[in-house]
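In the working numbering, the protein residues as written are 6 to 333.
Here it is, written out as structure tokens:
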């Protein structure tokens, strides 16, 4: 009788494990990018750099790390790194020169699907230029925006990671530094999960994380991904299908230096883990590679998933569709 009881328990455990298993879903992109935003010409906001002059008009601007956010009126907005093109010799000397403010563009439709049209997003005045942020370092990189306490909360870098808030997405008030990492902190991204904010960012050969309950007090940094074979950029962490996915753009130092766009590599690694604090080392938990530079992963109102890309395949910000398929 005791033997049969133990066998029954064993069978029950096996069945529970079997039926409790989930199918791992892998993101697959359509590779049909639509260029929804291309920057207009503008006057450089300053201060002067070796190759850029405050108050001078520049026809061509380069966007980079960016974020999408839906406003109270239903319109979608894009914010991101921007600066005029600097064609130095060698090109890498000025590749990120003048990245001191965020571009701001807005859709004219309240349905994201309807905004996926060539050059649909309209340029608006740049935000959070150095003169709007007295006492800060001039760099304003990689904004990410969430909603909290009736305000839009923007985290941006590079280190120290800083905070700005807005009630309308047009007028912003800086709130100072949140934290710094002695090894550097770039490209912040936020995930709210079970009442905790998880802020991921890139550092030396790693993606790291700090946590907070209030966006003010932050934990000690922890490493969640080690990347010995490339320098990570633009992490995006999402929770989907009861598991976590980390999207990371890779700088593998393979730019030939012949054109500026080539510096914006478009290899985006995707990792999966049930533990959002552990995505392993190198390709240990890698599940696929997508084509995108500085990818943002999000859903439209109809539940359709999308991936965005800056400077690839064209200058500006482009959108591609994502579907989730069972891992083969």
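Ideal placement from N, C-alpha and C gives every residue a C-beta, glycine not left out. All figures in this text were calculated on a predicted structure; none of them were measured in a lab.
Shortest Cα-Cα distance from residue 178 to any of 169, 186 and 184 involves 169. Between residue 73 and residue 297, the gap from beta carbon to beta carbon reaches 8 Å or more. The continuous alpha helix (DSSP H) containing residue 118 extends over residues 117 to 120. Classified as exposed, residue 62 has fewer than 16 neighbouring CB atoms from the shown chains inside 10 Å of its CB. By the CB criterion at 8 Å, residue 214 and residue 203 fall inside the cutoff. Judged by beta-carbon spacing, residue 164 lies beyond the 8 Å limit of residue 137, meaning their Cβ atoms are not closer than that value. Take the alpha-carbon of residue 112 and the one of residue 326: they are about 18 Å apart.
Going by beta carbons, residue 218 and residue 205 fall outside the 8 Å limit. The Cβ-Cβ distance between residue 321 and residue 44 falls below 8 Å.
Counting the other CB atoms within 10 Å of its CB gives residue 302 a total of 16 or more, which places it among the buried residues.
The bridge partners DSSP lists for residue 157 are 152 and 171. Here the C-alpha atom of residue 236 lies approximately 16 Å from the C-alpha atom of residue 69. Around the beta carbon of residue 175, a 10 Å sphere encloses fewer than 16 other beta carbons of the protein chains shown; the residue is thus reported as exposed.
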